[in-house]
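Heads up: the structure comes next, in structure tokens.
Numbering (my numbering), first residue to last: 2 to 373.
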């Protein structure tokens, strides 16, 4: 028997609505396939990661980011002998609820919804898979497994404050099948930290490609100093882009190595021997060492200073915020023109929020232009 096989999630608790079990696919494979075939997943192709989607073809979008997270998560899950299908599923689905224009769009939509329950992209992902993606005659949503729903809900760990969950989802909708205050499965933890690995490294790559900062400036981050020194003498103007790929690749590799080593130590120290032990734990098991945690903080500060607070990026973000506010104000005056009567009858403002959050960048921009 494999060393960690007892910790891996091999069986599902089922779904909110009962379904027959497939002979050919595991529950988590079915979840993955339902996500990949959803309209919300396809729309991630035209949603901003950092650069507004109209900027160019070579920057990350929410779709490419989600695929990169899934690839990293599968690699880690396989080495730790966890359930690769569940880790991949959670990674592919984790950003389904993101509105257009990245985090700026989320902030703007949350401001619009301030008096109507607020907006949170993680919880919006749950709304998408539980209510908004309708492809089945028997129920609303994709009817994903309890494990997938729990992993998406606890993307940032246990949920102690349930008011927002109740407002956006409805706590009763989970049919008492989820304990909100426990840590999620190791697969969910793998997916969450793979998200961090992907966006920290790939935002650096996109920032260099966008000329917001130079490759040489990475020595300001201790984590990148030794990596850069290794290739410094080989870098020239002809192989600059290739050198960037190599340095980012080394960075991801080092982070994953540290993560795996530290996670194995955490599992041993905390005597985690089976899946039930995870639910009793009082801390995250899948995590970096303290040294790499400090490095990740450095990387985030670097990106915030050089990229996220760059005037050109801020200008685009501010424009995106303004578009969302104008769309919200315009749509609320005549929502029937855009949203079905059935959806509006449940909660007018939540329906408007659902509609706007599902938009791609280009759809939001074009609709805004039509309003002028």
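Every residue, glycine too, gets a C-beta built ideally from N, C-alpha and C.
In terms of residues, what are the limits of the alpha helix (DSSP H) holding residue 191? Looking at the DSSP string, the run of the alpha helix (DSSP H) that includes residue 191 is 187-210.
What are the residues that DSSP puts in a beta bridge with residue 146? According to DSSP, residue pairing for residue 146 in a beta bridge involves 16.
With the cut-off set at 7 Å, would you say residue 70 and residue 97 are in Cβ contact? For residue 70 and residue 97, no; Cβs fall outside 7 Å.
Other residues of its chain near residue 35: CB distance less than 7 Å, five sequence neighbours each side excluded: By the criterion of a C-beta distance shorter than 7 Å, residue 35 is surrounded in its chain by 143 and 145, once the five residues flanking it on both sides are discounted.
Closer than 8 Å is the cut-off here; do at least three beta carbon pairs connect the region 287-305 with the region 316-335? Output reads no: the region 316-335 does not touch the region 287-305.
What is the DSSP secondary structure of residue 306, reduced to helix, strand or coil? DSSP places residue 306 in helix when its eight states are reduced to three.
Consult DSSP for residue 285 and reduce its assignment to one of helix, strand or coil. Coil at residue 285, not helix or strand.
Thinking just about the alpha-carbon of each residue, which of 189, 67 and 248 is nearest to the one in residue 225? Out of 189, 67 and 248, 248 has the C-alpha closest to the C-alpha of residue 225.
Per DSSP, cross-strand counterpart(s) of residue 49: DSSP lists 62 as partners of residue 49.
Buried or exposed, going by whether 16 or more other CB atoms sit within 10 Å of the CB of residue 16? Under this definition residue 16 is a buried residue.
Measuring alpha carbon to alpha carbon, tell me which residue in 257, 229, 255 and 260 is nearest residue 245. Here the closest residue by C-alpha is 229.
Looking only at its own chain, which residues have a Cβ that is under 7 Å from the Cβ of residue 213, when we skip the five neighbours before and after it? Listed in chain order, the non-local C-beta contacts of residue 213 below 7 Å within the same chain comprise 307, 308 and 311, local neighbours out to five positions each way being set aside.
Residue 46 versus residue 101 - alpha carbon distance: The alpha-carbon atoms of residue 46 and residue 101 are separated by roughly 11 Å.
DSSP on residue 350, reduced to helix/strand/coil? Reduced to three states, the DSSP call for residue 350 is helix.
Other residues of its chain near residue 332: CB distance less than 6 Å, five sequence neighbours each side excluded: Around residue 332: 339 and 353.
Tell me, please, whether the region 87-95 touches the region 190-204 by the rule of three or more beta-carbon pairs shorter than 8 Å. Per the Cβ contact rule, the region 87-95 is in contact with the region 190-204 (3 or more Cβ pairs under 8 Å).
Nearest-angstrom Cα separation, counted from residue 10 out to residue 116: When rounded, the distance between both Cα atoms is 40 Å.
Where does residue 280 land, buried or exposed, given buried means 16+ other C-beta within 10 angstroms? The residue is exposed, with fewer than 16 neighbouring Cβ atoms inside 10 Å.
Quick check: the Cα distance between residue 256 and residue 132, rounded to an integer number of angstroms? Approximately 36 Å between the Cα atoms of the pair.
Taking the beta carbon of residue 201 as the centre, do at least 16 other beta carbons fall within 10 Å, making it buried, or is it exposed? Residue 201 is buried by the Cβ-count criterion.
For the region 203-223 against the region 284-300, are there 3 or more C-beta pairs whose distance is under 8 Å? The answer is yes - the region 284-300 touches the region 203-223, with three or more Cβ pairs under 8 Å.
Three-pair Cβ contact test at 8 Å for the region 144-160 versus the region 171-179: With the cut-off at 8 Å, the region 144-160 and the region 171-179 touch.
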